[in-house]
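Visitor:
Number of protein chains: 2
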Amino acid sequence: MDRPELPLPQLYAFLVLAEELHFGDAAARLGIAQPPLSQQIRRLEDKVGHPLFHRTPAGVTLTPVGRELLPAAQRALADLTAGLAAARAVGSGRAGRLRIGFAASLALTVLPGLLQTFRHRYPDVHLDIHEMTSAPQLAALHEQAIDIGLLREPPVDEPALDFRTVLTEPFVAVLPTAHPLAPQRTVHLADLADSPFVLLPRGVGPQLHDQIIGLCTAAGFAPRITQHAVEWQTMCALVKAGLGVTLAPASIRHIRLDGIVFRRLTPGGTRTRVAVAWRRNDRNPLVANLLTAFDPDPS
Amino acid sequence: MDRPELPLPQLYAFLVLAEELHFGDAAARLGIAQPPLSQQIRRLEDKVGHPLFHRTPAGVTLTPVGRELLPAAQRALADLTAGLAAARAVGSGRAGRLRIGFAASLALTVLPGLLQTFRHRYPDVHLDIHEMTSAPQLAALHEQAIDIGLLREPPVDEPALDFRTVLTEPFVAVLPTAHPLAPQRTVHLADLADSPFVLLPRGVGPQLHDQIIGLCTAAGFAPRITQHAVEWQTMCALVKAGLGVTLAPASIRHIRLDGIVFRRLTPGGTRTRVAVAWRRNDRNPLVANLLTAFDPDPS
DNA sequence: TGACCTGATATCCCTGGGCGTATGGACCGA
DNA sequence: TCGGTCCATACGCCCAGGGATATCAGGTCA
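Residue numbers (our numbering), protein chains in the order written: chain A, 216 to 514; chain B, 216 to 514.
#1: Consider the Cβ of A:L323: report whether some Cβ of chain B lies at a distance smaller than 8 Å.
#2: Taking just the CA atoms, how far does B:H265 sit from B:P224?
#3: For the beta strand (DSSP E) that contains B:P391, what are its first and last residues?
#4: Considering A:P327, what are the terminal residues of the alpha helix (DSSP H) in which it resides?
#5: Quick one: residues in its chain with C-beta nearer than 8 Å to the C-beta of B:V460, no 5 flanking neighbours on either side, listed in chain order?
#6: Can you tell me whether DSSP reads A:V445 as helix, strand or coil?
#7: Which full runs of the beta strand (DSSP E) of 3+ residues lie inside the stretch 253-309 of chain A, going along the chain?
#8: For the pair the stretch 464-474 of chain B and the stretch 429-445 of chain B, tell me if three or more CB-CB distances fall below 8 Å.
#9: Step through the CB atoms of chain A and report whether any lies within less than 8 Å of the CB of B:Y227.
#10: Can you give the Cα-Cα distance for B:A310 and B:G418, rounded to whole angstroms?
#11: Rounded to whole angstroms, how far is the Cβ of A:R488 from the Cβ of A:A375, which I believe are closer than 8 Å?
#12: Determine the closest residue to A:I475 out of A:P421, A:G457, A:A492, A:S466, with distance taken between C-alpha atoms.
#13: Leaving out the 5 sequence neighbours to the left and right, which residues in its chain are closer than 6 Å to A:S320 when beta-carbon positions are compared?
#14: To the nearest angstrom, how far is the alpha carbon of B:L221 from that of A:E220?
#15: Measure the Cβ-Cβ separation of A:R312 and B:V263 and say whether it is below 8 Å.
#16: Determine the chain A residues that contact B:P222 at a beta-carbon separation under 7 Å, and present them in chain order.
#17: Extract the residue ranges of the beta strand (DSSP E) inside the stretch 401-482 of chain B, only unbroken runs of 3 or more that lie entirely within it.
#18: Counting contacts by CB-CB distance shorter than 8 Å, is B:A273 in contact with chain A?
#19: Going by DSSP in three states, B:H357 sits in which element: helix, strand or coil?
#20: Per DSSP, what kind of secondary structure is B:R244 in: helix, strand or coil?
#21: Taking Cβ positions only, does A:N499 come closer than 8 Å to chain B?
#22: In angstroms, rounded to a whole number, what distance separates the CA positions of A:A241 and B:L342?
#23: For B:R244, which residues in chain A fall below 9 Å Cβ to Cβ?
#24: Can you list, in chain order, the residues of its chain with a C-beta nearer than 6 Å to that of A:L382? Leave out the 5 residues immediately preceding and following it.
#25: Grouping DSSP H, G and I as helix and E and B as strand, with all else coil, what is A:T485?
#26: Alpha helix (DSSP H) containing B:E220: first to last residue?
#27: Got a sec, what are the start and stop residues for the beta strand (DSSP E) B:V340 sits in?
#28: Please classify A:V371: does DSSP put it in a helix, a strand, or coil?
#29: Checking contacts by CB at 8 Å: is B:A241 closer than that to chain A?
#30: Tell me where the alpha helix (DSSP H) around A:P500 begins and ends.
#31: Is A:E384 closer than 8 Å to A:G420 when the C-beta atoms are compared?
#32: Only counting the same chain, and skipping five residues up and downstream in sequence, which positions put a Cβ closer than 7 Å to that of A:T348?
#33: Given a threshold of 16 other Cβ atoms within 10 Å of its Cβ, counted over all protein chains shown, does A:Q175 qualify as buried or as exposed?
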């Protein structure tokens with residue numbers, strides 16, 4: 216591609232004149248006097264090297280050269296105006312692409328509402344949704360592989376990231392129906408000291424893992440972990456199979472599975488936080504716009 | 216389509232920088248110093264309203280806005296350069312469209328060589344070929360329906376048209392094989408005085424018609440015209456059917472048809488002229504270029 | 001810490017081009 | 001022949017913008 220030789224204002228004047236086929240009318244439509252328009256066309260013709268219009272007493276007509284140049288000029292200007300509009304839309308956060316990582320457990324709670332609200336407010340934004348656990352989300356944020364993370368128990372030592380809590384929820388005990396404590400509406404955490412535990416591996420979500428361990432410690436025991444599982448769905452299945460019990464955020468109740476029950480815990484003060492995470496220095500307006508989707512709808 | 220807001224030089228600088236991703240290198244490629252390039256990009260970003268590049272110590276990267284604008288700018292510049300080249304090609308006569316009218320009898324003589332020569336010299340020129348008799352060619356030339364005419368016996372009273380003779384040829388007699396004069400190698404025109412004549416109607420080619428009549432008159436008789444035909448092919452068929460004889464340009468020998476013979480005429484000085492015709496005020500360089508196709512090839 | 005690379009900023013110059021008004025010249029119709 | 005229309009030309013104004021040089025500022029690396 217070569218360096219451009221044709222100034223755009225002249226091309227625009229050319230387009231208008233090619234439509235009007237009348238110098239006076241075209242000049243009026245351009246909002247200028249007629250002589251300047253003659254000059255513009257003249258200069259353009261000089262640059263092209265050939266006349267673009269026949270000036271006959273009967274009227275103005277395009278020459279073959281003009282007919283050849285016209286569609287190219289139209290396409291070029293249309294591309295530019297469209298491209299500029301699209302670029303501005305992206306710049307202002309009305310359009311573009313946003314890559315979101317989310318913890319699987321949120322697929323049943325905050326994620327649906329978030330997507331719905333955001334898509335409604337910004338229909339021209341394409342959302343790339345990636346299910347991933349907490350630690351990979353943080354890594355992906357640092358590597359610019361995702362722009363937004365949705366995770367539990369945000370870490371505190373991430374100076375390059377910002378977090379905002381969007382939901383807190385208490386823990387519940389997940390027990391197999393056959394468990395001795397299942398008949399109770401509320402379970403004393405200390406009573407689970409003797410039950411084997413199913414837990415997520417520490418690596419995929421250290422904060423949540425440590426928080427659960429901490430709950431048990433506060434209740435006076437160290438849980439005996441007999442099985443690890445990454446997915447809550449899997450964990451419920453393991454509980455159902457009688458491999459152990461677990462503690463989970465209350466939204467796990469959305470999982471419907473026969474053979475397990477969810478029970479309130481006492482003491483019940485501890486809540487798990489769901490947070491949205493983003494790069495602190497990310498200037499992408501879509502990130503800011505996405506955060507507003509957690510605010511109450513102004514309408 | 217709206218009035219353009221983005222100057223092309225800035226867009227071009229944008230493209231180069233988007234490829235190089237390095238201000239110094241891009242400036243060098245543009246043949247300017249680095250500060251002016253920074254200014255160009257700065258001005259462009261001001262007009263777009265958003266940054267197009269991330270300037271990080273690690274290097275220069277496109278922002279999402281820049282990525283959105285880039286393809287549009289590429290298309291626009293490509294369209295313009297291609298359109299400009301095409302327009303100049305048309306203007307210089309290296310490309311375009313030329314509408315040619317030709318008399319049917321020339322399809323066997325000058326036309327094939329002309330087309331071959333011209334297409335070889337100007338492969339990007341599209342030729343519209345229309346078979347039409349002389350009078351419609353002249354009308355079509357005046358109405359700008361064709362740009363070039365190929366006809367016999369150009370008229371003299373056409374101030375708006377120019378003509379150039381490209382071929383002259385003698386007349387021959389066309390006789391049915393059974394005609395009493397058919398055995399002779401040469402036919403005295405006066406000997407045809409008693410034969411009925413097949414002739415083209417005067418309206419489709421007055422000059423040629425009158426010339427044939429004039430030949431007969433000079434030989435001392437007025438031909439008895441019993442049949443008219445527009446196409447030479449048809450005329451030969453009528454001669455073969457015994458409806459008459461005719462006089463025709465020598466190139467009619469290209470028509471191969473059993474049952475007729477072509478014979479030299481005496482006296483034989485009169486020749487018919489094939490001419491190319493064009494509008495005298497036609498500035499289309501293709502017209503001039505086509506005329507050169509009749510010149511001997513310089514190579 | 002200093003050399004060096006990067007890009008940004010400041011300042012100045014100059015020209016192209018976009019605009020206006022005034023005027024000229026060709027053509028047309030009354 | 002005389003206005004009227006239409007486009008071109010001439011001339012002057014003004015400024016956006018493209019260019020250069022000099023300098024600054026931040027980061028990297030030896």
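Where is the CB? At the ideal position from N, CA and C, for every residue including glycine. Nothing here was measured: the structure is a model prediction, and the numbers come from that model.
Guide: Working from what's here:
#1: Taking the first sequence and counting its residues from 1, one reaches residue 323 of chain A at position 108. No, A:L323 lies away from the interface with chain B (no Cβ there is under 8 Å from its Cβ).
#2: For the purposes of this step, residue 224 of chain B is taken as residue 9 along the second sequence, with counting starting at 1. For the purposes of this step, residue 265 of chain B is taken as residue 50 along the second sequence, with counting starting at 1. Whole-angstrom Cα-Cα distance: 18 Å.
#3: Indexing the second sequence from 1 puts residue 391 of chain B at position 176. B:P391: member of the beta strand (DSSP E) spanning 376-391, first to last residue.
#4: As a working mapping, residue 327 of chain A is identified with position 112 in the first sequence. Run containing A:P327: 325-336, per the alpha helix (DSSP H) assignment.
#5: Here residue 460 of chain B refers to the residue found at position 245 of the second sequence. Only A388, V389, L390, P391, H394, L407, S410, P411, F412, V413, V454 meet the Cβ criterion.
#6: One-based indexing of the first sequence puts residue 445 of chain A at position 230. In the structure shown, the three-state DSSP call for A:V445 is coil.
#7: Listed in chain order, they are 268-271, 274-277.
#8: Not touching, per the Cβ criterion.
#9: Here residue 227 of chain B corresponds to residue number 12 of the second sequence, with the count starting at 1. Taking a beta-carbon distance threshold of 8 Å, B:Y227 counts as an interface residue toward chain A.
#10: Position 95 of the second sequence, counting from 1, holds the residue named residue 310 of chain B. Position 203 of the second sequence, counting from 1, holds the residue named residue 418 of chain B. B:A310 and B:G418: Cα-Cα distance of roughly 36 Å.
#11: Translated into positions along the first sequence, residue 488 of chain A becomes position 273. Translated into positions along the first sequence, residue 375 of chain A becomes position 160. Contact between A:R488 and A:A375 fails: their C-beta atoms lie close to 20 Å from each other, not under 8 Å.
#12: Taking the first sequence and counting its residues from 1, one reaches residue 475 of chain A at position 260. With distances taken between Cα atoms, A:I475 lies closest to A:G457.
#13: The count along the first sequence starts at 1 and reaches residue 320 of chain A at position 105. Excluding residues within five positions, the ones whose Cβ falls inside 6 Å are W447.
#14: Taking the first residue of the second sequence as position 1, residue 221 of chain B is located at position 6. Taking the first residue of the first sequence as position 1, residue 220 of chain A is located at position 5. Counting only the Cα atoms, A:E220 lies some 14 Å from B:L221.
#15: For the purposes of this step, residue 312 of chain A is taken as the residue at position 97 of the first sequence. For the purposes of this step, residue 263 of chain B is taken as the residue at position 48 of the second sequence. With respect to the 8 Å criterion, A:R312 and B:V263 are not classified as neighbours on the basis of their beta carbons.
#16: Counted from its first residue, the second sequence places residue 222 of chain B at position 7. Contact note: B:P222 reaches chain A through L223, using a C-beta cutoff of 7 Å and chain order.
#17: With a minimum length of 3 residues, the continuous beta strand (DSSP E) runs that stay inside the stretch 401-482 of chain B are 401-403, 411-414, 439-443, 461-464, 475-481.
#18: Start at 1 with the first residue of the second sequence, and residue 273 of chain B comes out as number 58. Interface annotation, B:A273: not in contact with chain A, CB-CB separation never under 8 Å.
#19: Along the second sequence, one-based indexing puts residue 357 of chain B at 142. Note: B:H357 maps to helix in three-state DSSP.
#20: Counting from 1 along the second sequence, the entry for residue 244 of chain B is found at position 29. For B:R244, the secondary structure class from DSSP, reduced to helix, strand or coil, is helix.
#21: Your numbering for residue 499 of chain A matches position 284 in the first sequence. A:N499 counts as touching chain B.
#22: One-based indexing of the first sequence puts residue 241 of chain A at position 26. One-based indexing of the second sequence puts residue 342 of chain B at position 127. Near 34 Å, if we compare the C-alpha coordinates of B:L342 and A:A241.
#23: Within the second sequence, the letter at position 29 stands for residue 244 of chain B. From the beta-carbon of B:R244, no residue of chain A is found nearer than 9 Å; the closest lies around 10 Å away.
#24: For this step, residue 382 of chain A is matched to residue 167 along the first sequence. V325, V489.
#25: The residue you call residue 485 of chain A lines up with position 270 of the first sequence. If DSSP states are grouped into helix, strand and coil, A:T485 belongs with coil.
#26: Counting from one through the second sequence, the residue named residue 220 of chain B turns up at place 5. Element bounds for B:E220: n/a, residue is neither H nor E.
#27: Walking along the second sequence from the start, residue 340 of chain B turns up at place 125. Per DSSP, B:V340 belongs to the beta strand (DSSP E) from 339-346.
#28: On the first sequence, residue 371 of chain A is found 156 positions in, with the first residue counted as 1. Coil.
#29: Residue 241 of chain B sits at position 26 when you count from the first residue of the second sequence. Cβ-Cβ to chain A under 8 Å: no for B:A241.
#30: Position 285 of the first sequence, counted from the start, is the residue given in the question as residue 500 of chain A. Where A:P500 is concerned, the enclosing alpha helix (DSSP H) stretches over 500-507.
#31: The residue you call residue 420 of chain A lines up with position 205 of the first sequence. The residue you call residue 384 of chain A lines up with position 169 of the first sequence. No, Cβ-Cβ distance for A:G420 and A:E384 is not below 8 Å.
#32: Along the first sequence, one-based indexing puts residue 348 of chain A at 133. Leaving aside the five residues that flank A:T348 on each side, the residues in its chain whose CB is nearer than 7 Å to its CB run, in chain order, A318, V419, G420, V445.
#33: Summary: the structure shown does not reach residue 175 of chain A, with chain A confined to residues 216 through 514, and so no result is reported for it.
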